[in-house]
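Report on the following structure.
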Amino acid sequence: MSTDPAPNPHATAEQVEAARHDAKLANVLYHDWEAGSYDEKWSISYDERCITYAADRFRLVAGDTGWPYGRALELGSGTGFFLLNLMQAGVATRGSVTDLSPGMVGAALRNAEHLGLDVDGRVADAERIPYDDATFDLVVGHAVLHHIPDVELALREVLRVLKPGGRFVFAGEPTRIGDAYARRLGALTWKATTTLTKLGPLSGWRRPQTELDESSRAAALEAVVDIHVFDPAELEDTARRAGAMDARVVTEEFSAAMLGWPVRTFEAAVPPGKLGMRWAMFAYRSWQRLSWLDENVLTHVVPRAWFYNALVTGIKGGPVG
C-alpha cells in the first residue's frame with residue numbers, strides 16, 4: 001500500500017497565503033492544482049511529436065551514445081512528459097518518477113500505465129531523494145531545477161543516486177534574460193486577450209470569469225514556485241561544485257520563445273477547444289521554423305545567455321562496475 005500523501009487539487013485561500021512564504025508547500029499546492037489539466041495546458045502528448053522533442057533535447061546536450069540506459073529517474077516529473085517520451089524514444093528501459101506533488105506523481109503513473117511502460121513512482125523532495133546510492137544509470141528532469149530551493153544540494157543528491165559513469169540531463173530551465181522577456185510577453189498577451197474578449201463581438205472567445213479567477217490564483221502561486229533563473233556559466237559552475245564531471249550547459253530558443261510564450265498564454269486565456277487543430281498545427285510549425293532559425297543561424301551570433309532554455313548535463317565519476 002502506498003504511503004504517499006493524497007493530492008490536494010483545491011487549495012484554500014488560507015493554504016495559498018501560507019504557501020507564499022513556503023516554496024515547497026507552494027510547489028505541492030500549485031502542481032496538485034494543475035495536475036488534471038497540465039498536459040492540455042502545455043500541449044503535452046506522448047506521440048511522435050513530443051517523443052521527437054524530448055529525444056532532441058537530450059541529444060542536444062548529451063549526444064546519443066550510451067542508449068539505452070538501464071534504469072532512469074526523473075526529478076520533478078510532473079505528468080511524466082520528459083521521462084516517458086525519452087523511454088519511448090529508446091533512451092532508457094526502466095523508469096522511476098518523483099515529484100513533490102502527489103497529484104503529478106499519480107498523473108505520471110497513469111500515463112505510464114496507458115503507454116505500457118515499466119515505471120514506478122514516489123512523492124519525493126529533490127533535496128532528499130529517497131533511493132539508495134548508485135541506483136540509477138540516468139537522472140533526468142525538465143523545467144524542475146528552477147523550482148528547487150537548493151539546486152547544488154539537489155545535484156549532489158542526483159550524483160549520489162547515480163551509478164559511477166551515470167549521467168544527468170536537465171532541460172527546460174529558464175535563463176535570466178530569457179525569463180525577463182518571456183514573462184513580459186506573457187503578461188502583455190494575457191492582458192490584451194482578457195481585455196479584448198470583454199467586447200461583445202469577441203465575448204464567445206472569453207473563458208468564464210470563474211475560470212479566469214482560478215487561473216489568476218494559480219498564477220499567484222506560480223510566482224512563488226518559480227524560484228530561480230539561471231546564467232549558463234553559473235549553472236555549469238554549480239554542477240561542478242556538486243561534483244559532476246564534464247558539466248556542460250547549452251541554450252536554445254530565442255526567436256522561438258518570443259513566439260511560444262504569447263501563443264501558450266493566448267491558448268490559456270480562451271476556452272478549451274476554441275482554436276482547433278488548424279491553429280495547433282500553425283503554432284507548432286511556426287515554432288519548428290523559428291527553432292530551426294535559432295539552432296542554425298542565431299546560435300552563432302546571439303550570446304547563449306540570451307536564449308530562453310538552458311540544458312545542463314554532467315557525469316558521476318568513479319570506477320564503472
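In the UniProt record's numbering, the protein residues as written are 1 to 321.
Ideal Cβ positions, reconstructed from N, Cα and C, are used throughout, including at glycine.
Simplified DSSP assignment, three categories, for residue i
{"i": "arginine 264", "result": "helix"}
{"i": "alanine 310", "result": "strand"}
{"i": "threonine 65", "result": "coil"}
{"i": "valine 105", "result": "helix"}
{"i": "alanine 143", "result": "coil"}
{"i": "glutamate 127", "result": "coil"}
{"i": "isoleucine 44", "result": "coil"}
{"i": "valine 28", "result": "helix"}
Spatial neighbours of residue i in its chain, beta-carbon cut-off 6 Å, leaving aside the 5 residues before and after
{"i": "tryptophan 42", "result": "none"}
{"i": "isoleucine 44", "result": "Phe81"}
{"i": "aspartate 171", "result": "First, the residue type needs correcting, since residue 171 is alanine and not aspartate in the sequence shown. Same-chain partners within the cutoff: Arg57, His142, Leu311."}
{"i": "histidine 31", "result": "Ser101, Met104"}
{"i": "glycine 318", "result": "Pro164"}
{"i": "tryptophan 205", "result": "Thr197, Val270"}
{"i": "arginine 160", "result": "Asp133"}
{"i": "leucine 153", "result": "Glu127"}
{"i": "tryptophan 261", "result": "Ala182, Leu185, Gly186"}
First through last residue of the beta strand (DSSP E) which encompasses residue i
{"i": "glutamate 74", "result": "69 to 74"}
{"i": "alanine 92", "result": "92 to 99"}
Chain-order list of residues whose beta-carbon lies under 7 Å from that of residue i (same chain, five-residue window excluded)
{"i": "phenylalanine 58", "result": "Leu86, Val91, Val169"}
{"i": "threonine 313", "result": "Val61, Ala62, Arg167, Phe168, Val169, Arg248"}
{"i": "residue 327", "result": "Outside the modelled stretch of the chain, which goes from 1 to 321, sits residue 327, for which no answer is possible."}
{"i": "arginine 240", "result": "Ala247"}
{"i": "leucine 298", "result": "Phe254, Ser255"}
{"i": "threonine 265", "result": "Gly186, Thr189, Trp190"}
{"i": "valine 302", "result": "Phe254"}
{"i": "leucine 259", "result": "Ser286, Trp287, Leu290"}
{"i": "tyrosine 69", "result": "Val91, Ala92, Asp137, Leu138"}
Residue i - containing alpha helix (DSSP H), residue span
{"i": "serine 286", "result": "276 to 296"}
{"i": "leucine 117", "result": "From DSSP, leucine 117 is part of no alpha helix (DSSP H); its letter is neither H nor E."}
Contacting residues, own chain, Cβ-Cβ under 8 Å from residue i (five flanking each side not counted)
{"i": "leucine 275", "result": "Glu267"}
{"i": "residue 322", "result": "The requested residue 322 is not part of the displayed model; the chain covers only 1 to 321."}
{"i": "aspartate 125", "result": "Lys24, Leu100"}
{"i": "arginine 71", "result": "Ala92, Thr93, Arg94, Gly95, Ser96, Thr135, Phe136, Asp137, Leu138"}
Note to self: Any contact between the segment 88 to 105 and the segment 126 to 146? By contact I mean 3 or more CB pairs, one from each, below 8 Å.
What the structure shows: Because the criterion of three Cβ pairs below 8 Å is met, the segment 88 to 105 and the segment 126 to 146 touch.
> In chain order, which alpha helix (DSSP H) runs of at least 4 residues are fully inside the segment 198 to 262?
Replying inline: Taking only runs of at least 4 residues, the alpha helix (DSSP H) segments lying wholly in the segment 198 to 262 are 209 to 225, 232 to 242.
At least 3 beta-carbon pairs within less than 8 Å: the segment 294 to 308 vs the segment 249 to 263: The answer is yes - the segment 249 to 263 touches the segment 294 to 308, with three or more Cβ pairs under 8 Å.
- prompt: Three or more beta-carbon pairs under 8 Å between the segment 177 to 184 and the segment 109 to 124, yes or no?
  reply: The segment 177 to 184 and the segment 109 to 124 do not touch, with fewer than 3 CB-CB distances between them shorter than 8 Å.
**OP:** Run through the segment 138 to 191 for me and flag every whole alpha helix (DSSP H) of 4 or more residues, listed as ranges in chain order.
**Re:** Here the runs fully enclosed are 151 to 161.
Contact between the segment 113 to 133 and the segment 193 to 200: three or more CB pairs below 8 Å? No: fewer than three Cβ pairs fall under 8 Å.
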